[in-house]
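Residue numbers (the working numbering): 80 to 157.
Backbone N, C-alpha and C fix where the C-beta goes; we use that ideal spot for every residue, glycine too.
None of the values given here were measured: they were computed from a predicted structure.
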Ligand code: SF4
Ligand code: SF4
């Protein structure tokens with residue numbers, strides 16, 4: 080019998096980020112942080128740790144910038 084495994088990941092569009100940190104504070108899994116680099120507007124941007132996202136979308140709903148955050152859910156079948 081196949082088993083479904085759901086995975087999620089957060090994709091930050093660095094060029095749309097204004098560095099407000101709302102997503103970092105909203106994430107219940109603490110998998111977002113502010114990076115040390117700056118985008119073309121001169122703002123530091125949020126960075127995803129690369130794992131641990133549960134796809135809750137709290138970051139997405141707290142972000143004031145349309146297009147800065149995308150949540151992708153992948154469903155894999157064994
Ligand atoms: S979707 Fe939820 S768990 Fe994933 S990065 Fe955003 S706030 Fe964190
Ligand atoms: S909430 Fe949006 S604009 Fe603010 S740091 Fe996170 S991605 Fe950037």
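Could you give the first and the last residue of the continuous alpha helix (DSSP H) run that contains residue i?
i	result
residue 137	137-141
residue 110	Counting along the chain, residue 110 falls outside any alpha helix (DSSP H), and DSSP gives it neither H nor E.
Ordered along the chain, which non-local residues of its own chain (more than five positions away) have a Cβ less than 6 Å from that of residue i?
i	result
residue 157	81, 82
residue 153	86
residue 84	155
Identify, in the order they occur along the chain, each residue of the same chain with its Cβ nearer than 7 Å to the Cβ of residue i, setting aside the five sequence neighbours on each side.
i	result
residue 94	118, 119
residue 132	87, 88, 89, 108, 110
Figure out for me which residue from the options has the closest Cα to the Cα of residue i.
i	options	result
residue 127	143, 106, 144, 152	106
residue 99	89, 122, 84, 88	122
residue 129	141, 151, 147	151
residue 141	91, 101, 84	101
Taking just the CA atoms, how far does residue j sit from residue i?
i	j	result
residue 108	residue 145	22 Å
residue 124	residue 103	10 Å
residue 149	residue 91	7 Å
Please list the terminal residues of the continuous beta strand (DSSP E) segment that includes residue i.
i	result
residue 93	Residue 93 -> no beta strand (DSSP E), and no H or E assigned at all.
Please work out which residues of its chain come closer than 8 Å, Cβ to Cβ, to residue i, disregarding the five sequence neighbours upstream and downstream, and give them in chain order.
i	result
residue 97	120, 122, 143, 144, 147
- Query: Any chance the segment 137-156 sits against the segment 112-121, with 3 or more Cβ pairs inside 8 Å?
  - Reply: no
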